[in-house]
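Data first, discussion second: the structure below is written as structure tokens.
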Amino acid sequence: MSDIIQLLPDHVANQIAAGEVVQRPASVVKELLENAIDAGATEIKLLIKDAGKTLVQVIDNGKGMSTTDARLSFERHATSKIRTAEDLFNLNTKGFRGEALASIAAIAHVEVKTKQVDQELGTHIKIEGSTIQNQDVIATPTGTSIAVKHLFFNIPARRNFLKSNSIELRHIKDEFYRVALTHPSIAFDFYSNDSEVLNLNSSNLRQRIVAVFGKKINEKLVPIQEHTDIITIEGFVSKPEFAKKKRGEQFFFVNNRFIKNGYLHHAVINAFDQLLPPGHHPSYFLYLSVPPNTIDINIHPTKTEIKFENEHALYAILRSTVKHSLGQYNVSPVLDFNRDATMDVPYSFKDKTSVSTPKITVNPSFNPFESESNSKSYDKPKTAQWESLYSGTETALDVQEIEVEADVVHKDLFNSSENEIKVKTLQVHKKYILSVIKSGVVYINQNLAHQRVLYEEFLTKMTIEDTSSQQLLFPLEIAFNKGDITLCKEIQPDLESVGFQFDKIDNDTITLDGIPVNVNQNNVQGLFEELFEDIKNEIPDSSFSQLDAIAKSLARSLAIKNGTKLNSKEQEELLQQLFSCKEPNQSPFGKKTFITLSSEEIQLKFDN
334 MSDIIQLLPD
344 HVANQIAAGE
354 VVQRPASVVK
364 ELLENAIDAG
374 ATEIKLLIKD
384 AGKTLVQVID
394 NGKGMSTTDA
404 RLSFERHATS
414 KIRTAEDLFN
424 LNTKGFRGEA
434 LASIAAIAHV
444 EVKTKQVDQE
454 LGTHIKIEGS
464 TIQNQDVIAT
474 PTGTSIAVKH
484 LFFNIPARRN
494 FLKSNSIELR
504 HIKDEFYRVA
514 LTHPSIAFDF
524 YSNDSEVLNL
534 NSSNLRQRIV
544 AVFGKKINEK
554 LVPIQEHTDI
564 ITIEGFVSKP
574 EFAKKKRGEQ
584 FFFVNNRFIK
594 NGYLHHAVIN
604 AFDQLLPPGH
614 HPSYFLYLSV
624 PPNTIDINIH
634 PTKTEIKFEN
644 EHALYAILRS
654 TVKHSLGQYN
664 VSPVLDFNRD
674 ATMDVPYSFK
684 DKTSVSTPKI
694 TVNPSFNPFE
704 SESNSKSYDK
714 PKTAQWESLY
724 SGTETALDVQ
734 EIEVEADVVH
744 KDLFNSSENE
754 IKVKTLQVHK
764 KYILSVIKSG
774 VVYINQNLAH
784 QRVLYEEFLT
794 KMTIEDTSSQ
804 QLLFPLEIAF
814 NKGDITLCKE
824 IQPDLESVGF
834 QFDKIDNDTI
844 TLDGIPVNVN
854 QNNVQGLFEE
864 LFEDIKNEIP
874 DSSFSQLDAI
884 AKSLARSLAI
894 KNGTKLNSKE
904 QEELLQQLFS
914 CKEPNQSPFG
924 KKTFITLSSE
934 EIQLKFDN
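Structure follows, in structure tokens:
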């Protein structure tokens with residue numbers, strides 16, 4: 334047989350590598366920003382057009398590249414970060430693989446302008462699909478500007494898999510936030526379609542967090558700091574009362590690199606033990622510094638996964654550090670739960686040793702009824718004894734002779750066949766509703782059934798009917814980060830069709846003066862948090878799918894929870910509403926709302 338194994342051409346190999354490195358425009362943003370940071374830039378500008386599909390450009394004032402380096406940087410495995418395999422365990426830079434620029438150039442049009450500080454002129458290179466189209470000399474500022482245009486132009490199938498502009502822009506913002514939070518000393522400018530999204534000046538860590546997520550987050554932060562031989566921990570966690578129902582604003586940074594680690598996340602959650610309501614998650618911004626030789630970053634092309642040499646020790650230190658800070662700032666409760674903080678002795682009295690017992694004087698002859706001031710408010714009776722007040726009554730009060738208007742209650746009122754109560758449903762374990770039908774019995778999951786009822790109700794209101802809302806006596810102001818505020822503006826018309834009435838939407842707050850009738854005012858913030866998270870995860874592409882995602886999220890948040898006791902009338906009403914739905918068999922998320930057991934199936938249980 335002839336030989337069938339062959340080496341792939343470079344452009345094909347680059348496209349295969351690009352599939353791992355470049356998944357969407359946000360991947361390009363991440364790689365270019367990290368390269369700018371590795372170049373020592375102090376000012377970085379990010380320009381986006383059409384959510385990165387048309388243009389992703391990063392301009393920095395770093396050290397720039399020579400003509401040879403600029404051309405060589407787009408070759409596979411060409412890097413200035415490492416020299417030997419041992420360098421992988423002593424990394425102090427963001428990149429090290431040498432694959433990012435080669436992968437990007439394989440699937441886009443790339444234009445590079447770069448100049449070093451000691452050069453008078455810079456280098457200008459144009460690349461299309463790994464092929465260099467042009468290279469010449471250009472006058473350009475010190476630093477590097479890389480423009481990536483027409484992403485996936487030669488892979489139309491990959492381009493078709495991209496989501497809507499709003500979704501892709503949201504992913505770009507997430508990557509930008511991660512890089513900006515990692516390096517607060519670097520100034521960042523972020524523009525989308527020629528509009529400024531963020532302008533971040535050089536600052537400290539707390540100021541950078543506030544600049545990214547809004548000024549309302551400042552009051553929520555509790556500082557964290559610990560230094561040991563194996564790890565240094567800095568950052569902030571949120572106070573328990575500001576915990577959210579959905580995960581968000583949770584960031585781990587190891588050696589100035591954003592990572593995802595469920596094990597360390599559990600350590601933080603464990604530190605909040607018994608401080609959080611069920612189903613709530615705290616926000617945190619934690620920066621860990623460990624010796625580079627104790628971690629392995631070369632796990633995944635995105636570099637968001639890290640292997641630690643001593644994970645168990647890091648878990649224990651992180652948990653105890655967070656718990657200590659919560660107690661240090663009086664966030665967690667003390668052992669004496671009945672202690673009144675207002676009764677604590679002030680520090681100014683700490684040196685006073687002699688304490689005199691307060692003297693109490695009592696006037697035994699004091700009679701408040703003889704006071705002149707009290708007699709002015711009413712006329713005091715002349716009699717000294719209260720029995721004399723009734724001395725003039727001629728007859729005693731006979732309670733039995735008092736006539737009261739009332740309906741005559743006959744015994745047969747409750748025994749009448751017309752008023753006899755027939756139990757048609759039965760609640761089981763405060764979770765299921767049992768109802769008898771001709772062929773057997775039916776078990777209805779009350780939570781899933783109510784989800785279906787509310788889902789169809791909300792969908793009808795948003796697409797066909799108008800809904801009413803309850804006006805709030807005082808406007809309700811809710812704080813969110815800038816990303817959630819942007820999302821709220823996008824779906825504002827849909828929320829108004831459900832019954833929410835917006836007074837105004839600021840940069841970091843939402844003010845409501847009306848909410849749907851079946852929504853509790855105290856649950857509005859949690860409902861919005863779940864809604865925003867569900868829309869992000871649902872990733873709708875059309876207006877109808879966005880309406881569908883909103884209806885699903887609201888239905889799940891407002892549905893009757895398992896464990897809620899329902900009376901007979903509520904049970905029967907839920908059954909009638911469920912079987913009046915267009916699709917009563919399934920919840921909005923595809924789960925069965927009820928199951929049926931026939932009489933034959935029940936009898937088989939006894940026969941076996």
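One point on numbering: in the numbering used here, the residue at position 80 of the sequence shown is 413, and numbering is uninterrupted.
Don't be surprised by glycine CBs; every beta carbon is placed ideally from N, CA and C.
Could you spell out the range, first to last residue, of the beta strand (DSSP E) harbouring residue i?
i      : result
Tyr524 : Ala520 to Ser525
Asp562 : No beta strand (DSSP E) contains Asp562, which DSSP labels as neither H nor E.
Tyr974 : This structure cannot settle anything about residue 974, because the visible part of the chain is limited to 334 through 941.
Ile370 : Per DSSP, Ile370 belongs to no beta strand (DSSP E); it is in the alpha helix (DSSP H), Pro358 to Asp371.
Tyr648 : Segment Glu644 to Gln661 is the alpha helix (DSSP H) holding Tyr648; no beta strand (DSSP E) there.
Leu807 : Residue identity check: residue 807 is Phe in the sequence provided, not Leu. Element bounds for Phe807: Ser802 to Ala812.
Asp836 : Gln834 to Ile838
Asn493 : Note, Asn493: premise wrong, no beta strand (DSSP E); alpha helix (DSSP H) at Pro489 to Asn493.
Check whether the Cβ atoms of residue i and residue j lie closer than 8 Å to each other.
i      : j      : result
Leu891 : Thr796 : no
Lys363 : Glu582 : no
Val391 : Ile381 : no
Phe791 : Leu887 : yes
Lys386 : Leu484 : yes
Ile770 : Asp827 : no
Phe569 : Tyr510 : no
Asn588 : Pro556 : no
Gly455 : Ala439 : no
Thr637 : Lys579 : no
Ile868 : Ile824 : yes
Lys830 : Lys885 : Residue identity differs from the one stated: residue 830 is Ser in this sequence, not Lys. No, Cβ-Cβ distance for Ser830 and Lys885 is not below 8 Å.
Gln804 : Arg889 : no
How far does the alpha helix (DSSP H) with residue i in it reach, from first residue to last?
i      : result
Gly847 : Where Gly847 is concerned, there is no enclosing alpha helix (DSSP H), although the beta strand (DSSP E) it sits in stretches over Thr842 to Pro849.
Thr758 : Not the alpha helix (DSSP H): Thr758 falls in the beta strand (DSSP E), residues Thr758 to Val761.
Thr796 : Gln779 to Thr796
Asn626 : Where Asn626 is concerned, there is no enclosing alpha helix (DSSP H), given that its DSSP letter is neither H nor E.
Lys459 : No alpha helix (DSSP H) holds Lys459; the beta strand (DSSP E) holding it covers Gly455 to Glu461.
Ser901 : Ser901 to Leu911
With a threshold of 16 other CB atoms inside 10 Å of the CB of residue i, please say whether the residue is buried or exposed.
i      : result
Asn537 : exposed
Ile754 : In this prediction, Ile754 has a pLDDT of 42, which is less than 50 and means its spatial position is unreliable; what the coordinates show is noted afterwards. It is exposed - the Cβ of Ile754 has fewer than 16 other Cβ atoms within 10 Å.
Gln854 : exposed
Ala649 : exposed
Gln466 : exposed
Leu759 : exposed
Leu502 : buried
Ser436 : buried
Ser525 : buried
Pro489 : exposed
Asn368 : buried
Tyr765 : buried
Pro342 : exposed
Phe523 : buried
Thr926 : buried
Am I right that residue i and residue j are in contact with their C-beta atoms under 8 Å? What's the rounded C-beta distance?
i      : j      : result
Val623 : Ile563 : 7 Å
Ile893 : Tyr776 : Actually they are not in contact, since the Cβ atoms of Ile893 and Tyr776 sit about 15 Å apart, beyond 8 Å.
Gly476 : Asn394 : 4 Å
Phe591 : Thr515 : 6 Å
Phe494 : Lys815 : The pair is not a contact, with the Cβ atoms about 28 Å apart (cut-off 8 Å).
Met398 : Thr464 : Actually they do not touch by this definition, with Cβ atoms about 20 Å apart.
Between the C-alpha atoms of residue i and residue j, what's the straight-line distance to the nearest angstrom?
i      : j      : result
Ser772 : Leu937 : 14 Å
Asp841 : Lys549 : 7 Å
Gly859 : Ala433 : 40 Å
Asp402 : Ala372 : 13 Å
Gly923 : Gln779 : 15 Å
Leu845 : Leu659 : 32 Å
Lys898 : Lys915 : 26 Å
Leu787 : Gln661 : 45 Å
Ser802 : Leu908 : 25 Å
Phe407 : Val445 : 11 Å
Glu644 : Phe584 : 18 Å
Glu789 : Asn534 : 48 Å
Asp817 : Phe865 : 7 Å
Ser710 : Lys692 : Confidence in Ser710 is poor, its pLDDT being 49 and thus under 50, which makes the residue's placement unreliable; the coordinate value appears in the next sentence. C-alpha separation (whole angstroms): 33 Å.
Lys640 : Ala513 : 24 Å
Gln834 : Val850 : 12 Å
Val530 : Ser478 : 20 Å
His614 : Phe586 : 18 Å
Leu597 : Ser571 : 16 Å
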